[in-house]
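Residue numbers (numbering that gives the first Met the number 0), protein chains in the order written: chain A, 0 to 343; chain B, 0 to 343; chain C, 0 to 343. Don't be surprised by glycine CBs; every beta carbon is placed ideally from N, CA and C. Remember, it's a predicted structure, so these values are computed and weren't measured experimentally. What follows is one structure encoded as structure tokens, with my remarks underneath.
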Amino acid sequence: MFPKNTWYVGATPNEIDGKPLGRKICGESIVFFRGPDNTVAAVEDFCPHRGAPLSLGKVDNGKLVCGYHGLEMGCDGKTVAMPCQRVGGFPAVRTYPVVERYGFIWVWPGDAKEADPAKIHHLAWADDPAWSYCGGLYHVKCDYRLMIDNLMDLTHETYLHPTSIGQKEIDETPPKTRLDGNCAITERYMEGIMPPPFWQAGLRGNHLADDVPVDRWQICRFYPPSHVLIDVGVAHAGHGGFHADPKIKASSTVIDFITPETESSTWYFWGMARNFNAQDQALSEQIRSSLSKVFSEDLQMLEMQQQNLERNEGRKLLSLNIDGGGVQARRIIDQMLAAEKAAA
Amino acid sequence: MFPKNTWYVGATPNEIDGKPLGRKICGESIVFFRGPDNTVAAVEDFCPHRGAPLSLGKVDNGKLVCGYHGLEMGCDGKTVAMPCQRVGGFPAVRTYPVVERYGFIWVWPGDAKEADPAKIHHLAWADDPAWSYCGGLYHVKCDYRLMIDNLMDLTHETYLHPTSIGQKEIDETPPKTRLDGNCAITERYMEGIMPPPFWQAGLRGNHLADDVPVDRWQICRFYPPSHVLIDVGVAHAGHGGFHADPKIKASSTVIDFITPETESSTWYFWGMARNFNAQDQALSEQIRSSLSKVFSEDLQMLEMQQQNLERNEGRKLLSLNIDGGGVQARRIIDQMLAAEKAAA
Amino acid sequence: MFPKNTWYVGATPNEIDGKPLGRKICGESIVFFRGPDNTVAAVEDFCPHRGAPLSLGKVDNGKLVCGYHGLEMGCDGKTVAMPCQRVGGFPAVRTYPVVERYGFIWVWPGDAKEADPAKIHHLAWADDPAWSYCGGLYHVKCDYRLMIDNLMDLTHETYLHPTSIGQKEIDETPPKTRLDGNCAITERYMEGIMPPPFWQAGLRGNHLADDVPVDRWQICRFYPPSHVLIDVGVAHAGHGGFHADPKIKASSTVIDFITPETESSTWYFWGMARNFNAQDQALSEQIRSSLSKVFSEDLQMLEMQQQNLERNEGRKLLSLNIDGGGVQARRIIDQMLAAEKAAA
Chain A
0 MFPKNTWYVG
10 ATPNEIDGKP
20 LGRKICGESI
30 VFFRGPDNTV
40 AAVEDFCPHR
50 GAPLSLGKVD
60 NGKLVCGYHG
70 LEMGCDGKTV
80 AMPCQRVGGF
90 PAVRTYPVVE
100 RYGFIWVWPG
110 DAKEADPAKI
120 HHLAWADDPA
130 WSYCGGLYHV
140 KCDYRLMIDN
150 LMDLTHETYL
160 HPTSIGQKEI
170 DETPPKTRLD
180 GNCAITERYM
190 EGIMPPPFWQ
200 AGLRGNHLAD
210 DVPVDRWQIC
220 RFYPPSHVLI
230 DVGVAHAGHG
240 GFHADPKIKA
250 SSTVIDFITP
260 ETESSTWYFW
270 GMARNFNAQD
280 QALSEQIRSS
290 LSKVFSEDLQ
300 MLEMQQQNLE
310 RNEGRKLLSL
320 NIDGGGVQAR
330 RIIDQMLAAE
340 KAAA
Chain B
0 MFPKNTWYVG
10 ATPNEIDGKP
20 LGRKICGESI
30 VFFRGPDNTV
40 AAVEDFCPHR
50 GAPLSLGKVD
60 NGKLVCGYHG
70 LEMGCDGKTV
80 AMPCQRVGGF
90 PAVRTYPVVE
100 RYGFIWVWPG
110 DAKEADPAKI
120 HHLAWADDPA
130 WSYCGGLYHV
140 KCDYRLMIDN
150 LMDLTHETYL
160 HPTSIGQKEI
170 DETPPKTRLD
180 GNCAITERYM
190 EGIMPPPFWQ
200 AGLRGNHLAD
210 DVPVDRWQIC
220 RFYPPSHVLI
230 DVGVAHAGHG
240 GFHADPKIKA
250 SSTVIDFITP
260 ETESSTWYFW
270 GMARNFNAQD
280 QALSEQIRSS
290 LSKVFSEDLQ
300 MLEMQQQNLE
310 RNEGRKLLSL
320 NIDGGGVQAR
330 RIIDQMLAAE
340 KAAA
Chain C
0 MFPKNTWYVG
10 ATPNEIDGKP
20 LGRKICGESI
30 VFFRGPDNTV
40 AAVEDFCPHR
50 GAPLSLGKVD
60 NGKLVCGYHG
70 LEMGCDGKTV
80 AMPCQRVGGF
90 PAVRTYPVVE
100 RYGFIWVWPG
110 DAKEADPAKI
120 HHLAWADDPA
130 WSYCGGLYHV
140 KCDYRLMIDN
150 LMDLTHETYL
160 HPTSIGQKEI
170 DETPPKTRLD
180 GNCAITERYM
190 EGIMPPPFWQ
200 AGLRGNHLAD
210 DVPVDRWQIC
220 RFYPPSHVLI
230 DVGVAHAGHG
240 GFHADPKIKA
250 SSTVIDFITP
260 ETESSTWYFW
270 GMARNFNAQD
280 QALSEQIRSS
290 LSKVFSEDLQ
300 MLEMQQQNLE
310 RNEGRKLLSL
320 NIDGGGVQAR
330 RIIDQMLAAE
340 KAAA
């Protein structure tokens, strides 16, 4: 159960660098590629000739050439040409609204008439040179909502990520959850604690002492349909925490775009945007490498949780205060699903 | 949907050299082995004692000895002996008509009463010392008819095999398709073109210049149930092409025996018979190695096409002129299926 | 179809050494761990908070700490604590009767009210310092009853284990099967034969000549629900065989605890208890290594037999004299199943 009339991150630009990319999103088999003016296109991954996956072909001057018999597909889902064939009567394949923005490729898997690029979530940092982004992609065999739960309840850091970002004080500090329109926010502030290894490295990355008490914050924001953006960071203790001068803190935003593949599998685009030492590419690479390890620690847990829930369908789970963020997020998703159903 | 009252290639002799071979063909679990006089036998791969697969056993003096408790199975599906047991009342297992001919083991998975060895497709080259054969076997997770389509439309060579047999001129030369009884033929002739790498090697294999224009031909013949035999080759240009003197050409027949395993998987026996330099075993090995690479390039495409079609059941595909060979082949198969259904 | 109101071996102590173990038994997802006083506990592998598998957590002072958000589960299936939470109202998870005895962890997957530790099969040798045990565990994708059949008809040794324990004389000596209460016994005695390689090593292990004729015995005992204990050994010929003086024989008991995982998969706890040279750990390791190889030879046969039987559901198999042990065992199992059904 996922909304389809909405923008999801479908790919990153490097994935379609000179070649098509086949990817299933919300149950739709889609091929992404760059058209004539380098604009990204997304069409059904199905050649109208014999049903071959177009994603096994190549991109030639902005046309997607089927790798089986050479049919040339255009960005509009209509066949442009095929050797020795008149293609006027060829049936078109479905196209999907797609927009490249903020360094991501956004796709709308539902009703194209509803697709308004203005609805794409705004990412202020993406175009700001004071910020820098690095990230990656994982495929996870779980319902996308389990990943949202995961990110809206960071007490799990203490247990799943004990050697990097976890620390006992997370557990000991109850979060507060609130709604701001259709954004669910859950936040936690810890004062005068020692930074865990990941944040020690973060402080060093901003040329700050890493062995002194800090104030640490986690501000998780869920935006529909399944984006979780988390302000995280540490500041030397007593300088205002989240609001401290940038020179005395290491602060950043964890970026999580969670795209359903099927009812029980997910494309997880993870990353971090930071506004300290933004030009330092070695630091970016170090952060990317650390996060890659941290987020990989979640996968087995999420996939086995998925299996456990499938075996125990309908069984009631607990909703504690720490689950408030996930509960609110699911409520917003349920509203979207109901609205989509009512409109259909 | 595959005909069962027909001869398929089930195995090659080397596969039952001193040992049994278990293989599923048209949904039937069969074990092949050599009986007392070295004649090949094919029986159900099921020990009547406890259901063990007989193919895990061994062949001892022409009897198939079950590897679990030593039951000795005969070529007629009747138990010959078992240590300390009277076997007279043991139930027989099914046998399958099987014939070794032309270097292949042919099996009839349907009604044994209908099995007439005279119906085995005749291979004139197989017993001719002027010819030489080399080949291999691939398992492909697709409907056997997708493999037939593949081989009856060689425009795909341009796209799937660009570094060996593909060249733009294939695309630019429309094929002609015709019926000759229950044989579907699709052919293409290209004149005065440069030979692609595979045929450059072929010319060298017949001690001919490889850097001069050639005439090239592709004559694909489909014979029921699923044999595709393709006359292919090149001759130095202007000497008659397909009909040129053998000394001025490199010509051969691509051999494709396509045997259904299940509704969605196939045993693909591929190879090449040639009548130049037939005794040159190094040349045979070189050709086998090249073909092995060429045919492996088809597998991913066919398997993903199969998945695409399963996801889009009932969706109409195109039938262009290049698809004529496959269309005619399927028509012949449909007639066989209808006749089989009517007879049952 | 397996009895659930009975004791199965669920694990061995080394598997829960300092960590929990998740294992499915008779369709139940169970996590085993050691509680506060080091007593083994078995609870449902499902965290009542969000359904995570508790087996991915850790054991801390006898509590099972969920690896996701830190819920602490007690041996009684009740949540002991969770950071910053009142856990009084948390729903309990199911517990399973579990007993550590004889070097094994026994679990009762059915109705806990029926679980009486006195019903655990008695293993006299387990607490006797004159005996020594070594063994291992295999996962086998077959119905547990196929494994029972395997062990109650040792004629298969001739075929599946020809280089270790198999020899022609097994085949040539019919076994005798009888019932002793709810124990099925099938036995075979061979006199004046040469010992096969495994027993040559056994004789050397007891400092006896290995190149002289021996009397060999196999006494297979099936006890419900699925234990097969087999007295095996060889004595120098003419000294009384099974009853010979321990100094002139190498004798031991093969231990087989066969625990259903699902209807078509099995945990196979195999091993050997011996009462010669019991303190010789190098000998134990040598035997364990040999047995590991021997029992691995059964796996492919059993798994392919399972597939064959699934494809031929309802097809009648033979019940020969050599199958008598398996037939009697299945009769006893059927009685247990009927009784369980009647009680429910």
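Among B:N13, B:L55, B:D36 and B:D16, whose alpha-carbon lies nearest the alpha-carbon of I29 (chain B)? If we check each option's Cα against that of I29 (chain B), B:L55 comes out closest.
Using the three-state DSSP reduction, which class does A337 (chain A) fall into: helix, strand or coil? Helix.
Say whether chain B places a C-beta atom closer than 7 Å to the C-beta of C182 (chain A). No - not a single Cβ of chain B is within 7 Å of the one on C182 (chain A).
Since E348 (chain A) meets chain C, which of its residues come closer than 9 Å, beta carbon to beta carbon? Not covered by the structure: residue 348 (chain A). The range shown for chain A is 0 to 343.
Give every residue of the same chain whose Cβ lies closer than 6 Å to the Cβ of P47 (chain C), excluding the five residues on either side of it in the sequence, and list them in chain order. Taken in chain order, the residues that qualify are F89, P90 and V92.
What does D59 (chain B) pair with, by DSSP beta-bridge criteria? Beta-bridge pairing links D59 (chain B) to B:K62.
Distance check for N274 (chain C) and L145 (chain C), CA to CA, integer angstroms please. Cα to Cα, the separation comes out at about 29 Å.
For L308 (chain B), does the count of other Cβ atoms within 10 angstroms reach 16, so buried, or fall short, so exposed? L308 (chain B) should be labelled buried.
Residues of chain C with a CB under 8 Å from the CB of H344 (chain A): which are they? Residue 344 (chain A) is absent from the structure shown; chain A starts at 0 and stops at 343.
So if DSSP puts G135 (chain C) in a beta bridge, which residue, or which two residues, is it bridged to? The partner list for G135 (chain C) (beta bridge, DSSP) reads C:W269.
Based on Cα-Cα distance, which residue from A:M303, A:L301 and A:G270 lies nearest to S288 (chain A)? Out of A:M303, A:L301 and A:G270, A:G270 has the C-alpha closest to the C-alpha of S288 (chain A).
Less than 7 Å between CB atoms is the rule here; does R22 (chain C) satisfy it with respect to chain A? Chain A, which has no Cβ nearer than 7 Å to the Cβ of R22 (chain C), makes this no.
Boundaries of the alpha helix (DSSP H) in which Q305 (chain B) is found, first to last residue: Run containing Q305 (chain B): Q280 to R310, per the alpha helix (DSSP H) assignment.
For W198 (chain A), which three-state DSSP category applies? Helix, per DSSP.
On the DSSP letters alone, give me the boundaries of the beta strand (DSSP E) that R22 (chain B) sits inside. Counting along the chain, the beta strand (DSSP E) containing R22 (chain B) begins and ends at L20 to I24.
What number of angstroms, rounded off, separates the C-alpha of I257 (chain B) from the C-alpha of N205 (chain B)? Approximately 29 Å, taken between the alpha carbons.
In this structure, what does DSSP give as the bridge partners for W105 (chain C)? Within the DSSP bridge table, the entry for W105 (chain C) names C:V8 and C:V98 as partners.
Between the C-alpha atoms of L298 (chain C) and C141 (chain C), what's the straight-line distance to the nearest angstrom? Roughly 9 Å between the two C-alpha positions.
Chain-ordered neighbours of P47 (chain A) on chain B, where CB pairs are closer than 7 Å: Those within 7 Å of P47 (chain A) in chain B are L317.
Residues near L20 (chain C) in its chain [Cβ-Cβ closer than 8 Å; skip 5 each side]: Around L20 (chain C): A10, E14, V30, F31, F32 and S54.
Output, in chain order, the set of chain C residues within a Cβ distance shorter than 7 Å of D127 (chain A). Contact of D127 (chain A) with chain C by beta-carbon distance below 7 Å is absent, the smallest such distance being about 35 Å.
The alpha helix (DSSP H) that contains R144 (chain A), what's its start and end? First-last of the alpha helix (DSSP H) with R144 (chain A): Y143 to M151.
Starting from the C-beta of A41 (chain C), find all residues in its chain whose C-beta is less than 6 Å away, skip the five residues before and the five after it, and write them out in chain order. Within the same chain, and ignoring the five residues on either side of A41 (chain C) in sequence, the residues whose Cβ sits closer than 6 Å to its Cβ are I29, F31, Y95, V97 and V106.
Under 8 Å between beta-carbons, which chain B residues line up against M0 (chain C)? List them in chain order, please. Result: empty, since nearest Cβ-Cβ is about 17 Å, beyond 8 Å.
I need the boundaries of the alpha helix (DSSP H) containing L159 (chain C), first residue and last residue. H155 to L159 is the span of the alpha helix (DSSP H), which, as asked, contains L159 (chain C).
CB-CB under 7 Å to G73 (chain A), same chain, minus the five flanking residues each way: which ones, in chain order? For G73 (chain A), where only same-chain residues beyond five positions count, the Cβ hits under 7 Å are K62 and V79.
Which residues, taken in chain order from the region 54-75 of chain C, show a beta carbon closer than 8 Å to some beta carbon of chain A? Those would be L55, G56, V64, C65, G66, Y67, H68 and G69, in chain order.
For the region 109-118 of chain A against the region 252-268 of chain A, are there 3 or more C-beta pairs whose distance is under 8 Å? With the rule of 3 Cβ pairs closer than 8 Å, the region 109-118 of chain A does not count as touching the region 252-268 of chain A.
Classify N363 (chain B): buried if its beta carbon has 16 or more other beta carbons within 10 angstroms, exposed otherwise. Only positions 0 to 343 of chain B appear in this structure, which leaves residue 363 (chain B) out of reach.
How would you write the range of the alpha helix (DSSP H) that I169 (chain B) sits in, first residue to last? Here the alpha helix (DSSP H) through I169 (chain B) covers K167 to E171.
Between the beta-carbon of A234 (chain C) and the beta-carbon of W124 (chain C), is there less than 7 Å? No, the Cβ-Cβ distance between A234 (chain C) and W124 (chain C) is not below 7 Å.
Classification of M151 (chain A) by the beta-carbon crowding that lies within 10 angstroms, buried from 16 upward: Burial call: buried.
Near E27 (chain C), what residues of its chain come up, given a Cβ to Cβ distance below 6 Å and the 5 sequence neighbours on each side ignored? The residues are P108.
Does any C-beta atom of chain C lie closer than 7 Å to the C-beta of P52 (chain B)? Answer yes: the Cβ-Cβ gap between P52 (chain B) and chain C drops below 7 Å somewhere.
Rounded to whole angstroms, what is the Cα-Cα separation between F45 (chain C) and Y267 (chain C)? In a straight line, the C-alpha of F45 (chain C) is about 25 Å away from that of Y267 (chain C).
Is it the case that the region 156-175 of chain C contacts the region 244-253 of chain C, given that we only count it when at least three CB pairs across the two stretches are under 8 Å? Touching, no.
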